[in-house]
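For reference, the structure is listed below as structure tokens.
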Amino acid sequence: MVSVEEHYDNLLAPYYSWISGGSDLKIEENRAFFRNHGIRPQLTGIAVDLGAGSGFQSIPLAESGFNVIAMDTSRLLLAELGEKVGDLPIITVRDDMLNFVRHSPAEIEIIVCMGDTLTHLQRLQEVQQLVENTYPALTQDGNLILSFRDLTDELSGLDRFIPLRNDSNRIFTCFLEYETQHVRVHDIVYEKTKDEWKMKKSAFRKLRISPQWLNEILLMLGYKVAAFDIQMGMVTIIARKSS
1125 MVSVEEHYDN
1135 LLAPYYSWIS
1145 GGSDLKIEEN
1155 RAFFRNHGIR
1165 PQLTGIAVDL
1175 GAGSGFQSIP
1185 LAESGFNVIA
1195 MDTSRLLLAE
1205 LGEKVGDLPI
1215 ITVRDDMLNF
1225 VRHSPAEIEI
1235 IVCMGDTLTH
1245 LQRLQEVQQL
1255 VENTYPALTQ
1265 DGNLILSFRD
1275 LTDELSGLDR
1285 FIPLRNDSNR
1295 IFTCFLEYET
1305 QHVRVHDIVY
1315 EKTKDEWKMK
1325 KSAFRKLRIS
1335 PQWLNEILLM
1345 LGYKVAAFDI
1355 QMGMVTIIAR
1365 KSS
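First residue of the sequence shown? That's 1125 in my numbering, and the numbers climb one at a time after it.
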């Protein structure tokens, strides 16, 4: 079983934007999300995007006026983001998101960790550590936005085979194996080259995070949970650091 970074480098990164529906679609979805929740610079104007990938969150945040620090461990995805930055105020940093404090200024207005990045951490203690570190890093009235897939409900049998996307030249699917604290995600891509199909495969672990447990951690730290939503298995939490 390879690490998350190795899985992305060896297989997933070149296909990530494509299997997500395309960068333009995801960027537009997040423009609407931030707009609908009133997310715009009002305090320090500093945003940190943990697990930024190719920029699905970073670009809309920068377009709205934030100065963005975009962190990820994938060299390929950060390079893809770099090609789109143009004049937008985005700085890319290649590092583990647990180290975000090393790369961040003292007064952060918003921290986002979206798109299932949180499940890439390998222990619940690391999730708690990350969330605990966000609280002192945020300025007063700053926001923490988290989204991740709820993997606590176990699929069985053939339901564990999940087709993600396909076109005339590529088929991407995954297979899930459930462990006590993790899900083994087996990603399989078939790609047509000339007149033959070639298969690539890799597997890594995702962490099973209880939405209720995480909500309790946020409240314990002193966050006010302004939004808690679960739609089609995706959890979205907006938490505010308030007195």
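Just so it is clear, CB atoms sit at the ideal spot from N, CA and C, and this is done for glycine as well.
In the DSSP assignment, find the alpha helix (DSSP H) that holds residue i and state where it starts and stops.
i	result
A1261	L1248 to A1261
V1209	R1199 to V1209
E1116	Because the chain is modelled from 1125 through 1367, residue 1116 falls outside the range shown and cannot be assessed.
I1163	Careful: I1163 lies outside any alpha helix (DSSP H) and carries neither H nor E.
Y1140	Y1140 to I1143
Q1305	It is not in any alpha helix (DSSP H) - Q1305 carries neither H nor E in the DSSP assignment.
P1335	P1335 to L1345
S1182	S1182 to E1187
H1131	V1128 to H1131
Does the distance from the C-beta atom of residue i to that of residue j stay below 8 Å?
i	j	result
N1191	I1170	yes
I1312	M1323	yes
L1288	I1143	yes
I1235	L1279	no
S1147	S1178	yes
T1258	L1268	yes
L1202	R1218	yes
P1237	L1270	The sequence given here has Cys at residue 1237, not Pro. For C1237 and L1270, yes; Cβs fall inside 8 Å.
I1341	V1349	no
D1220	F1272	no
F1296	Y1140	no
L1245	L1331	yes
P1213	A1186	yes
For the ligand MN, is there any heavy atom lying closer than 7 Å to the beta carbon of residue i?
i	result
R1247	Among the components modelled here there is no ligand, and therefore nothing to report on the ligand MN.
Who are residue i's beta bridge partners in DSSP?
i	result
T1360	S1271 and D1353
D1265	Partner(s): none; D1265 has no beta bridge.
T1216	A1194
F1285	F1299
S1326	D1311
T1317	E1320
L1331	H1306
N1290	I1295
K1150	DSSP output for K1150 lists no bridge partner at all.
At the level of alpha carbons, what is the spacing between residue i and residue j?
i	j	result
E1153	V1251	26 Å
G1206	T1216	8 Å
L1174	A1194	7 Å
E1233	T1317	47 Å
Q1336	H1306	17 Å
I1161	A1363	According to the sequence as given, residue 1161 is His; it is not Ile. So the two alpha carbons sit approximately 12 Å from each other.
R1294	G1145	13 Å
I1183	E1204	12 Å
C1298	Y1347	36 Å
E1303	D1211	45 Å
Taking the beta carbon of residue i as the centre, do at least 16 other beta carbons fall within 10 Å, making it buried, or is it exposed?
i	result
A1230	exposed
H1131	buried
A1137	buried
F1285	exposed
R1329	buried
M1344	exposed
D1353	exposed
N1223	exposed
Q1181	buried
A1351	exposed
D1387	Only positions 1125 to 1367 of the chain appear in the structure, and residue 1387 is not among them; the question remains open.
H1227	exposed
S1198	buried
Q1149	The sequence given here has Leu at residue 1149, not Gln. Result: exposed.
A1176	buried
K1365	buried
If I follow the unbroken beta strand (DSSP E) through residue i, where does it start and stop?
i	result
D1173	I1170 to L1174
E1233	I1232 to C1237
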